[in-house]
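Participant: In the working numbering, the protein residues as written are 121 to 255.
Using N, Cα and C, we set each Cβ at its ideal position, and we do this for glycine too.
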Amino acid sequence: RYWSGFTCLLGFLLCVAIMLIISIPAASGAIVFAALVYLYIMQFGKQHDWGDGIRGMKLQSVRNTLLQLDGNGPFHHKNWSPNILVLTKFQCPEDLSGAAVLEEPGLLAFVRHLKKGAGLTVVGCIITDDFETGW
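1) What residues match up with Gln211 in a beta bridge as DSSP calls it?
2) Given a cut-off of 8 Å, decide if Gly244 and Leu186 are closer than it, judged by their beta-carbon atoms.
3) One question on the structure: do Gly239 and Asn203 come within less than 8 Å of each other, judged by their Cβ atoms?
4) Can you tell me whether Leu240 is helix, strand or coil according to DSSP?
5) Out of Gly149, Ile246, His168, Trp123, point me to the one whose CA is closest to Lys209's CA.
6) Please work out which residues of its chain come closer than 8 Å, Cβ to Cβ, to Glu223, disregarding the five sequence neighbours upstream and downstream, and give them in chain order.
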């Protein structure tokens, strides 16, 4: 609401004028030093992606909230969501060019009904082979 290009320019000019009123040699030295630092950075500085500030603030907020969680506090059943690890076997083609086929598809249906749409399911494949000859 109060910021504009004009107010920015006015603030810069007032700052330079006050610097020059206080001490002309010191102000000139500071301006030359700042210009040299700027030119050095423009010439030899590397381009970096410093990230998004808003996203960083959100991640910091999430981190602080997770650190404030108390594992010994009151537990409510609505906050519980099941995390299930399913270990099963797949039938893979010999040359590994096609899609793997789940040997027990009813197992994943059972887990889906067990969770009722909440939580996380991790499916792991058990590979059986003769480790002496390799796979």
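Facilitator: Looking at the atomic coordinates:
1) In the sequence shown, counting from the first residue as 1, residue 211 sits at position 91. Val221.
2) Within the sequence shown, residue 186 is the residue found at index 66, counting from 1. Within the sequence shown, residue 244 is the residue found at index 124, counting from 1. Their beta carbons are not under 8 Å apart, which means Leu186 does not touch Gly244 by this criterion.
3) Stepping through the sequence shown from its first residue, residue 239 is reached at position 119. Stepping through the sequence shown from its first residue, residue 203 is reached at position 83. Cβ atoms of Gly239 and Asn203: closer than 8 Å.
4) If you number the sequence shown from 1, residue 240 lands on position 120. Note: Leu240 maps to strand in three-state DSSP.
5) Mapped onto the sequence shown, residue 209 falls at position 89. The option with the nearest alpha carbon to Lys209 is Ile246.
6) Taking the first residue of the sequence shown as 1, we reach residue 223 at position 103. The residues are Thr208, Lys209, Phe210, Gln211.
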